[in-house]
Amino acid sequence: MKIGILGGTFDPIHLGHVEVAKQTLAELDIDRILFIPTGTPWMKAGSQITEGMHRRKMVQLSIAGQERMDESGIEIARGGLTFTIDTLRHLINSQGKKDELFLIIGADAASSMHRWKEAGEILDSCTVVVVSRPEQTAFNEEQFNKIRPGASARAIRINSLAIDISGEKIREMVKSGSSISKLVDPAVERYIKKNNLYRGETDG
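For the sequence shown, our numbering begins at 804 and goes up steadily by one.
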């Protein structure tokens, strides 16, 4: 089975995330997309992140009814700082090498991937899918190739038309009382209101 891995804080998950998953499924020969909310991202250590149970639930609500999309809480359950290589190792060990893994990341993340823990092993463990948007920073192949010469030649490129919105912007909109109805699934919007998320500085 070919599995696409789409990780992130998902704080909150928005329609852009789901559109990237849909586009990946449409363009690539992948069987399913696995959304994996992060525990504590190593690059955001010390930052305030909403409790994992809320972020997991919002992902589950957002992809409910979507074909070939699932959610996993393995990173949140593991605790500690989250490193991509640890997640890949877990998936390989638990599901066996019969599955082919595709790591779906943005162009900005791909451009700095040479700084990630065991970046070379990441390339050996999966195929990297680089998602680019016209209004965002372009994929820097030179930086990516610092992992290994010619590494960018193996990366799959997708030019996404998904909305360009960040979780941070959505949190700011909720706090200011602005509508987010066009940015998140209705069920996610209701969940945010019901649980009073992002209303104050103490969220998390």
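We treat Cβ as the ideally placed atom computed from N, Cα and C, and that holds for glycine.
Residue from the options with nearest C-alpha to residue i
| i | options | result |
| --- | --- | --- |
| residue 958 | 964, 965, 859, 947 | 947 |
| residue 878 | 863, 888, 869 | 888 |
| residue 869 | 851, 838, 933 | 838 |
| residue 834 | 871, 822, 851, 823 | 871 |
| residue 863 | 898, 951, 814, 882 | 814 |
| residue 895 | 806, 998, 990, 1002 | 806 |
| residue 861 | 978, 970, 930, 976 | 970 |
| residue 935 | 964, 920, 919 | 964 |
| residue 867 | 996, 998, 988, 827 | 988 |
| residue 951 | 962, 917, 873, 821 | 917 |
| residue 966 | 808, 826, 804 | 826 |
| residue 913 | 854, 938, 942 | 942 |
Length of the line joining the Cα atoms of residue i and residue j
| i | j | result |
| --- | --- | --- |
| residue 841 | residue 857 | 12 Å |
| residue 905 | residue 982 | 34 Å |
| residue 811 | residue 852 | 11 Å |
| residue 1005 | residue 986 | Caution applies to residue 1005, whose pLDDT of 41 falls short of 50 and renders its modelled position unreliable; the value that the coordinates give is listed next. Near 23 Å, if we compare the C-alpha coordinates of residue 986 and residue 1005. |
| residue 990 | residue 893 | 31 Å |
| residue 932 | residue 1000 | 32 Å |
| residue 923 | residue 1002 | 41 Å |
| residue 1007 | residue 823 | Note on residue 1007: pLDDT 38, under 50, position unreliable in the model; no value is reported. |
| residue 921 | residue 910 | 19 Å |
| residue 885 | residue 845 | 6 Å |
| residue 804 | residue 874 | 16 Å |
| residue 997 | residue 955 | 44 Å |
| residue 816 | residue 880 | 19 Å |
Continuous beta strand (DSSP E) stretch holding residue i: start and end
| i | result |
| --- | --- |
| residue 921 | No beta strand (DSSP E) contains residue 921, which DSSP labels as neither H nor E. |
| residue 935 | 930–935 |
| residue 810 | 805–811 |
| residue 878 | Looking at the DSSP string, residue 878 is not in any beta strand (DSSP E); the run it does join, the alpha helix (DSSP H), is 877–881. |
| residue 908 | 903–909 |
| residue 762 | This structure cannot settle anything about residue 762, because the visible part of the chain is limited to 804 through 1007. |
| residue 836 | 835–840 |
Host alpha helix (DSSP H) of residue i (start-end)
| i | result |
| --- | --- |
| residue 947 | 944–947 |
| residue 870 | Per DSSP, residue 870 belongs to no alpha helix (DSSP H) and is neither H nor E. |
| residue 822 | 818–830 |
| residue 1013 | Because the chain is modelled from 804 through 1007, residue 1013 falls outside the range shown and cannot be assessed. |
| residue 898 | 887–898 |
Counted within 10 angstroms of its Cβ, other Cβ atoms place residue i as buried (16 or more) or exposed
| i | result |
| --- | --- |
| residue 832 | exposed |
| residue 927 | exposed |
| residue 974 | buried |
| residue 945 | exposed |
| residue 819 | buried |
| residue 940 | exposed |
Item checked: Minimum length 4: unbroken alpha helix (DSSP H) runs contained in the stretch 957–986 -> 970–979
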